[in-house]
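Trainee: Mind having a look at this structure? Questions to follow.
Numbering (the numbering used here), first residue to last: 84 to 328.
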């Protein structure tokens, strides 16, 4: 029994750390949204996000056309990058975050923290782009110009790194024994508790990765392509890699 104690202590610490990260990311994105609202930037941010969704779909069209990868592509584009209003989901999380460690497995809690970190990074980057694109028609040329003007490649790299992190985290959740049953039976209680938006987010993430098999065959091409685009955009001597959308 003594040999098991450090493992449980480690698991508990990881869950507490993930919960703290979730709170920090929720506070961060809420603060940025409030600032964006006051600055009148939200319409431009939503326009940036909508254009980026089209760009991502065009860039990764070959993977999107494959039945195996399509749900994962849709999850990343719609649930993590899209112009959808995630305030209800975030309110759900904020409301029950103190109790999360009691009903979410460690790996699920960690993947939720990773997803919110990616959301926060993405919103920060979209905020910077919007400041350079306000009252401007967004296309491949204006987007590329704004991208360079933002001068935030370190944060861009973090965003790409977290795509891989989240993909690997979701792969771990999918491997958990009984996770499919757990999500199914918890749907009604989640609805009754007023946290259906959070449950649907977790369910979509699970379903999109369930049939992927080797997750690296999805994540690696996506990350490599995004890395290539970032490097080309950062180099004025290279052609604009963005598609016309």
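Note that the Cβ used here is the ideal one computed from N, Cα and C, for glycine as well.
Remember, it's a predicted structure, so these values are computed and weren't measured experimentally.
Measuring CA to CA, which of 289, 121, 205, 303 is closest to residue 254?
Mentor: Of 289, 121, 205, 303, the smallest CA-CA separation from residue 254 is found for 289.
Trainee: Exposed or buried, residue 242, counting other C-beta atoms within 10 Å across all chains shown (16 or more means buried)?
Mentor: buried
Trainee: Alpha helix (DSSP H) containing residue 244: first to last residue?
Mentor: 236-257
Trainee: Tell me the rounded alpha-carbon separation between residue 324 and residue 205.
Mentor: Distance between the alpha carbons of residue 324 and residue 205 is about 20 Å.
Trainee: Count the other CB atoms, across all protein chains shown, that sit within 10 Å of the CB of residue 317; report buried if there are 16 or more and exposed otherwise.
Mentor: exposed
Trainee: Less than 7 Å between the CB of residue 133 and some heavy atom of the ligand MN, yes or no?
Mentor: Within the structure as shown, the ligand MN is missing, as the structure has no ligands at all.
Trainee: Using CA atoms only, rank isn't needed, just tell me which of 151, 155, 226 is closest to residue 138.
Mentor: 226
Trainee: Should residue 110 be labelled buried (16 or more other beta-carbon atoms within 10 Å of its own) or exposed?
Mentor: exposed
Trainee: From this set, 200, 319, 220, 256, which residue's C-alpha is nearest residue 104's C-alpha?
Mentor: The shortest Cα separation from residue 104 among 200, 319, 220, 256 belongs to 200.
Trainee: On the CB-based measure, 16 or more other CB atoms within 10 Å of its CB, does residue 303 come out buried or exposed?
Mentor: exposed
Trainee: Could you tell me the boundaries of the alpha helix (DSSP H) in which residue 231 lies?
Mentor: 223-233
Trainee: Where does the unbroken alpha helix (DSSP H) through residue 211 begin, and where does it stop?
Mentor: 189-216
Trainee: What is the rounded straight-line gap between the Cα of residue 321 and the Cα of residue 153?
Mentor: Cα to Cα, the separation comes out at about 30 Å.
Trainee: Can you tell me whether residue 239 is buried or exposed? The criterion is at least 16 other CB atoms within 10 Å of its CB, across all chains shown.
Mentor: buried
Trainee: For a test of the three-state rule: what should DSSP assign to residue 301, helix, strand or coil?
Mentor: helix
Trainee: Among 268, 197, 262, which residue has its Cα nearest to the Cα of residue 106?
Mentor: Per the Cα distances, 197.
Trainee: Between residue 291 and residue 157, is the Cβ-Cβ spacing less than 8 Å?
Mentor: yes
Trainee: Output the distance between the C-alpha atoms of residue 282 and residue 268, rounded to the nearest integer angstrom.
Mentor: 11 Å
Trainee: Starting from the C-beta of residue 310, find all residues in its chain whose C-beta is less than 7 Å away, skip the five residues before and the five after it, and write them out in chain order.
Mentor: Counting only Cβ-Cβ distances below 7 Å, and skipping sequence neighbours, we find 243.
Trainee: The alpha helix (DSSP H) with residue 156 in it runs from where to where?
Mentor: In this chain, the alpha helix (DSSP H) harbouring residue 156 covers 153-157.
Trainee: In whole angstroms, what is the alpha-carbon distance linking residue 257 and residue 301?
Mentor: 15 Å
Trainee: Pull up the distance between the alpha-carbon of residue 189 and that of residue 101, whole angstroms please.
Mentor: 8 Å
Trainee: Judging by CA-CA distance, which residue of 148, 308, 252, 151 is the nearest neighbour of residue 192?
Mentor: 252
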